[in-house]
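**Student:**
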Amino acid sequence: MGDIDLIFKIAGVGILVAAAHWVLKSSGKEDYAFITTVGGVAVVLVWVIQQLGTLFDQVKSVFKLF
Amino acid sequence: MEIIQIVGLGIVATVLAVVLRHNKPEMAVFLSISVGVMLFLLMLGKIGAVIDVLKELSARANLSMVYLGTILKIVGIAYVADFGSQICRDAGEGAVASKIEFAAKILVLVLAVPIVVAVLNSLLKLVP
Chain A
1 MGDIDLIFKI
11 AGVGILVAAA
21 HWVLKSSGKE
31 DYAFITTVGG
41 VAVVLVWVIQ
51 QLGTLFDQVK
61 SVFKLF
Chain B
1 MEIIQIVGLG
11 IVATVLAVVL
21 RHNKPEMAVF
31 LSISVGVMLF
41 LLMLGKIGAV
51 IDVLKELSAR
61 ANLSMVYLGT
71 ILKIVGIAYV
81 ADFGSQICRD
91 AGEGAVASKI
101 EFAAKILVLV
111 LAVPIVVAVL
121 NSLLKLVP
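Here is the structure:
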């Protein structure tokens, strides 16, 4: 249960990005709003892919899938 | 009481995902992937213990390790493919999910071919 932080991190980034998107959009900066969304998605994607990599390594070693 | 931890994790993640799905659906997908990976990792240790027991039993029964290894590989492919296809289906990509399941079926079939051949060979030996 060591990495439950990741869930809260992802949710936090999601809420933050949603808020930033809304603020930027309502002040007329549509392109910045889009860049913010893409940046947030990229950051979270890196975390999730690292975690998926550990999962696949563990599955490979448990089920001897080489 | 690991189940309480698991249910708590699931409920917290569900609430967060419902909050996020409203205006950032991609983050909700990331959240569900992350929870799935976490629960899978939590259970993988137990699966490993069960597999160790199975290996010991098969060694005692003088079974060939080739067959048990094949079965383990098939179970692993099934678990991983199911994980991936469920996530794709959750995100609304039913077509990709079906393709993942199709690929898993083909891979399992490829792994099972040597066993089928062995069964047929022993059958041919029995028939005069």
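Residue numbers (the working numbering), protein chains in the order written: chain A, 1 to 66; chain B, 1 to 128.
Glycine is no exception: its CB is placed at the ideal position from the N, C-alpha and C atoms.
Remember, predicted model here, so these are calculated numbers, not experimental data.
(1) If Leu31 of chain B and Ile4 of chain A are in contact, beta carbons under 8 Å, what's the gap, nearest whole angstrom?
(2) For the segment 6-22 of chain B and the segment 77-93 of chain B, state whether three or more C-beta atom pairs, one from each stretch, are separated by less than 8 Å.
(3) Could you check which residue in A:Ser61, A:Gly12, A:Ala18 has the C-alpha nearest to that of Gly48 of chain B?
(4) Leaving out the 5 sequence neighbours to the left and right, which residues in its chain are closer than 8 Å to Ile33 of chain B when beta-carbon positions are compared?
(5) So what does DSSP say about Gly92 of chain B, is it helix, strand or coil?
(6) For chain A, check one thing: does any of its Cβ atoms lie closer than 7 Å to the Cβ of Phe102 of chain B?
(7) Taking only the alpha-carbon atoms, compute the straight-line gap between Val117 of chain B and Leu111 of chain B and give it to the nearest angstrom.
(8) In angstroms with no decimal places, state the Cα-to-Cα distance between Ala20 of chain A and Arg21 of chain B.
(9) According to the Cβ coordinates, are Ala95 of chain B and Arg89 of chain B closer than 7 Å?
(10) Return the chain-ordered list of same chain residues with a C-beta closer than 8 Å to the C-beta of Leu39 of chain B, the five sequence neighbours on each side being excluded.
(11) Report yes or no: is there a C-beta of chain A within less than 7 Å of the C-beta of Gly76 of chain B?
(12) Under 9 Å between beta-carbons, which chain A residues line up against Met1 of chain B? List them in chain order, please.
**Tutor:** Taking the structure as given:
(1) Numbered from its first residue, the second sequence carries residue 31 of chain B at position 31. Numbered from its first residue, the first sequence carries residue 4 of chain A at position 4. Rounded, the Cβ-Cβ distance is 12 Å, inconsistent with contact.
(2) No: the two stretches stay apart, fewer than three of their Cβ pairs being nearer than 8 Å.
(3) Translated into positions along the second sequence, residue 48 of chain B becomes position 48. Minimum Cα distance to Gly48 of chain B is reached at A:Ser61.
(4) Taking the second sequence and counting its residues from 1, one reaches residue 33 of chain B at position 33. Same-chain partners within the cutoff: Ile87.
(5) As a working mapping, residue 92 of chain B is identified with position 92 in the second sequence. In the three-state reduction of the DSSP assignment, Gly92 of chain B falls in the coil class, being assigned neither a helical nor a strand state.
(6) As a first step, residue 102 of chain B must be located in the second sequence, where it is residue number 102. Not a single CB atom of chain A sits nearer than 7 Å to the CB of Phe102 of chain B.
(7) Residue 117 of chain B sits at position 117 when you count from the first residue of the second sequence. Residue 111 of chain B sits at position 111 when you count from the first residue of the second sequence. Answer to the nearest angstrom: the Cα atoms are 11 Å apart.
(8) Working through the first sequence from its first residue, we reach residue 20 of chain A at position 20. Working through the second sequence from its first residue, we reach residue 21 of chain B at position 21. Approximately 16 Å, taken between the alpha carbons.
(9) Numbered from 1 along the second sequence, position 95 holds the residue referred to as residue 95 of chain B. Numbered from 1 along the second sequence, position 89 holds the residue referred to as residue 89 of chain B. Taking 7 Å as the Cβ cut-off, Ala95 of chain B and Arg89 of chain B do not qualify as a contacting pair.
(10) Reading the second sequence from its first residue, position 39 is the one you call residue 39 of chain B. Counting only Cβ-Cβ distances below 8 Å, and skipping sequence neighbours, we find Ile6, Leu9, Gly10.
(11) Within the second sequence, the letter at position 76 stands for residue 76 of chain B. True, the Cβ-Cβ gap to chain A drops below 7 Å.
(12) For the purposes of this step, residue 1 of chain B is taken as the residue at position 1 of the second sequence. Within chain A, no residue comes near Met1 of chain B; the closest Cβ sits about 12 Å away, beyond 9 Å.
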